[in-house]
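Here the UniProt record's numbering = 1-based position in the sequence shown + 9.
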Amino acid sequence: TDTDAGGRAQGRATVGTGTTADELIRFDRVTKRFGSNTVLDSLDFRVFPKKHVTLIGPSGSGKTTILRLLMTLLKPDEGTITVDGTPLSHEERNGKLVPAGEKHVREVRKNMGMVFQQFNLFPHMSVLRNITEAPVQVLGMSRDEAAERALELLDMVGLKDRSDTYPGRLSGGQQQRVAIARALAMRPKVLLLDEVTSALDPELVAGVLDLLRDIARTTDITMLCVTHEMSFARDISDCVMMFDEGKVIEFGHPEKMFGDPEQERTREFLSAVL
Ligand code: ADP
10 TDTDAGGRAQ GRATVGTGTT ADELIRFDRV TKRFGSNTVL DSLDFRVFPK
60 KHVTLIGPSG SGKTTILRLL MTLLKPDEGT ITVDGTPLSH EERNGKLVPA
110 GEKHVREVRK NMGMVFQQFN LFPHMSVLRN ITEAPVQVLG MSRDEAAERA
160 LELLDMVGLK DRSDTYPGRL SGGQQQRVAI ARALAMRPKV LLLDEVTSAL
210 DPELVAGVLD LLRDIARTTD ITMLCVTHEM SFARDISDCV MMFDEGKVIE
260 FGHPEKMFGD PEQERTREFL SAVL
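Structural data, given as structure tokens:
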């Protein structure tokens, strides 16, 4: 694991090393406001492939907004978000940079898989169909191929025998496993995890976190993770980024961030949640 990322975030928070061409995620002076509330304030950071980043910080500090911007569910007011070298908000047409059309947005969104706090499975579709729907509709995969891949993923998440079940008959932990399989079925470059265990009964949390630990260890996927599970964050993260008032106020290796943070604000926050 690289320990290059770290320190007080005066400059750009960087996770991993490489050239600009290698960067997977890049935020350049991204500002997002809701009315008069500036949620992200000229935010800069970049993440190289295969890195696992945990976003921490007080409620309302803009962590979920970052994931929603990456999913193109929101647009920044200012600044540029670039994923794998392609800006989300603009595309080149006839040599000119123009605001992104729907097709461009659909293409760049394919890089992202997101898992939400509330699972968000389709209740009227079987488990298998939940997983195959997007690969068939969006990637144009055949039903057979999508089903074969879905069964592999269900096996990985420990639910191979539940493919015909409807989500309402599964526990929260099982539903979240299906949601993880559904996100991975699109073979995204980045997995965005938004407090995925917050809505689970306590006894179901560990199983889902263990699954995510396995995925982090055994796949090449890049992860951006918002979580309050600090021991999980410590296990999987190459870098922890602490947000406050719309900025990264500190970032670094989890040992450093949890063991000996530089910023008083980070200390306060961690002593409240640990
Ligand atoms: P976090 O994930 O760190 O708790 P969020 O990104 O969810 O923070 O929210 C940051 C701020 O943006 C909060 O003050 C929240 O109320 C506000 N916010 C988020 N989404 C919206 C929205 N759709 N409309 C208005 N305000 C929003």
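Just so you know, even glycine gets a beta-carbon here, dropped at the ideal spot from N, CA and C.
Task: N-terminal and C-terminal residue of the beta strand (DSSP E) that D253 is part of - done: Looking at the DSSP string, the run of the beta strand (DSSP E) that includes D253 is C248 to D253.
- [ ] Between the Cα of L221 and those of E212, L79 and M232, spot the shortest distance and give me the residue it belongs to.
- [x] Comparing Cα positions, the closest option is M232.
TODO: Could you tell me if V166 is buried or exposed, where buried requires 16 or more neighbouring beta carbons within 10 angstroms of its beta carbon?
DONE: With 16 or more other Cβ atoms within 10 Å, it is buried.
TODO: Give the C-beta separation of L213 and S180 to the nearest angstrom, bearing in mind that I take them to be a contact with Cβ-Cβ under 8 Å.
DONE: Contact holds; Cβ gap of about 6 Å.
- [ ] Excluding the 5 residues preceding and the 5 following T47 in the sequence, name in chain order all residues of the same chain whose CB lies nearer than 6 Å to its CB.
- [x] Excluding sequence neighbours, T47 sits near G255.
Task: Straight-line gap, D203 to M251 (C-alpha atoms, nearest Å) - done: Straight across, the Cα-Cα distance linking D203 with M251 is about 15 Å.
- [ ] Can you say whether D170 is buried or exposed, counting buried as having 16 or more other CB atoms within 10 angstroms of its CB?
- [x] Burial call: exposed.
Task: Option nearest D247 by Cα separation, candidates D253, L79 and M266 - done: Among D253, L79 and M266, the Cα nearest to that of D247 belongs to M266.
Open item on the list: If you measure between the beta carbons of S172 and L160, is that distance less than 8 Å?
Closed with: Less than 8 Å separates the beta-carbon of S172 from that of L160.
Open item on the list: Quick check: the Cα distance between S280 and L201, rounded to an integer number of angstroms?
Closed with: Cα to Cα, the separation comes out at about 26 Å.
Open item on the list: Tell me the rounded alpha-carbon separation between T63 and R115.
Closed with: Here the C-alpha atom of T63 lies approximately 26 Å from the C-alpha atom of R115.
Open item on the list: What I want to know is whether the C-beta of T26 ends up closer than 7 Å to one or more non-hydrogen atoms of ligand 1.
Closed with: Not so, every heavy atom of ligand 1 lies at least 7 Å from the Cβ.
TODO: For ligand 1, list every residue whose C-beta falls under 5 Å from any of its heavy atoms, going in chain order.
DONE: Output, sorted by chain position: F43, V48, S68, G69, S70, G71, K72, T73 and T74.
Task: Sequence-distant residues of its chain with Cβ nearer than 6 Å to E100 (five each side left out) - done: Around E100: A109 and H113.
Open item on the list: Measuring alpha carbon to alpha carbon, tell me which residue in G104, L78 and E32 is nearest T40.
Closed with: The shortest C-alpha separation from T40 is found at L78.
Open item on the list: Suppose you measure from the CA of G122 to the CA of M80; what does that come to, to the nearest Å?
Closed with: Each residue's Cα considered, the two are about 8 Å apart.
Task: Neighbourhood of T10 by C-beta, 8 Å cutoff - its chain only, sequence neighbours within 5 removed - done: Reliability of the predicted coordinates at T10 is poor, the pLDDT of 33 falling under 50, and the value obtained from them is presented with this limitation in mind. Cβ contact annotation for T10 (same chain, cutoff 8 Å, sequence separation greater than five): D247 and H262, in chain order.
Open item on the list: Tell me which residue opens and which closes the beta strand (DSSP E) that S51 is part of.
Closed with: Segment N46 to V56, the beta strand (DSSP E) holding S51.
Open item on the list: Quick test of your reading: L218 and F241, contact by CB under 8 Å. State the CB separation rounded to the nearest angstrom.
Closed with: Contact flag correct, Cβ pair sits at about 5 Å.
Open item on the list: Classify Q184: buried if its beta carbon has 16 or more other beta carbons within 10 angstroms, exposed otherwise.
Closed with: Burial call: buried.
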